Amino acid sequence: IINESMFYQGQLNPATFMNTIKPVFFPFLIHLLHVFTGYRLENVFILNFVILTGILSLVYALLRPALGRVYSTVALLFIIAQPAFSLYATSGGFDLCNLFFLILCFASLRWFLERKDAGSFRLLWIHLIAIAHVRPESVVYPIIVYVFLFMCKQLKLKFFKPLYFYIISLLS
């Protein structure tokens, strides 16, 4: 991002330049959509529609065993009725992608706390790494979850085998 520029010797040159680090997961998903459907400006809205469908399906699947069919449908209607949710659903931003991965992380955390095995921990690990690449603020979520699991003494050394899987995923 160029903050200031100076015009001298017939050229416009940046006086100050600030390099920002942006998360890469949402642009990567848009790139995949461009690859499969061609480059169109509407692809970001199509991606948000697909993510919206995923959010509503995931919430319904998570709530149906506990609440039943009717109350899960009512919960979906309450979610859709929120003004911020409909605003993000019709925009081209990455807020819905962040919400989708946040719900996915809570679901995989619940699954890990129920099963307490290495497979469910790997799934939680992958989801937390993915959410860290959606928004700049989302780096905090994996830290909070791992501190919570460590303080509750839910992490065991056997979950980190094979170790190369965790080292390679951290390098991404």
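For the sequence shown, the working numbering begins at 162 and goes up steadily by one. From the three backbone atoms N, C-alpha and C, an ideal C-beta is built for every residue, glycine too. Treat the numbers as computed from the prediction; the structure is a model and nothing was measured.
Subject >> Assigned secondary structure, residue 175 (DSSP; H/G/I helix, E/B strand, else coil) >> reply: strand
**OP:** Please report the residue range of the alpha helix (DSSP H) in which residue 265 lies.
**Re:** 256-276
Original post:
Do residue 302 and residue 258 have their C-beta atoms within less than 8 Å of each other?
Top reply: no
Original post:
Does the separation of the CB atoms of residue 310 and residue 316 fall below 8 Å?
Top reply: yes
**OP:** For residue 191, collect the residues of the same chain with a Cβ closer than 7 Å to its Cβ; drop the 5 residues on either side in sequence, then sort them by chain order.
**Re:** 204, 205, 208
**OP:** Give a yes or no on contact between the stretch 233-247 and the stretch 207-223, applying the rule of three or more CB pairs nearer than 8 Å.
**Re:** yes
**OP:** Measure the CB-CB distance between residue 282 and residue 320 and report whether it falls below 8 Å.
**Re:** yes
Original post:
Does DSSP put residue 169 in a helix, in a strand, or in coil?
Top reply: strand
Original post:
What residue range is occupied by the uninterrupted alpha helix (DSSP H) comprising residue 218?
Top reply: 204-228
Original post:
In terms of residue numbering, what span does the alpha helix (DSSP H) encompassing residue 321 cover?
Top reply: Residue 321 -> no alpha helix (DSSP H), and no H or E assigned at all.
Subject >> Own chain, CB closer than 7 Å to residue 323, minus 5 neighbours either side, in chain order >> reply: none
Subject >> Residue from 183, 292, 252, 202 whose Cα sits closest to the Cα of residue 269 >> reply: 292
Original post:
Which residue comes first and which comes last in the alpha helix (DSSP H) that contains residue 294?
Top reply: That residue, residue 294, is in no alpha helix (DSSP H); it is neither H nor E in DSSP.
Subject >> residue 184 in three-state terms, based on DSSP >> reply: coil
Subject >> Supposed close pair residue 237, residue 217 - CB separation, criterion 8 Å >> reply: 6 Å
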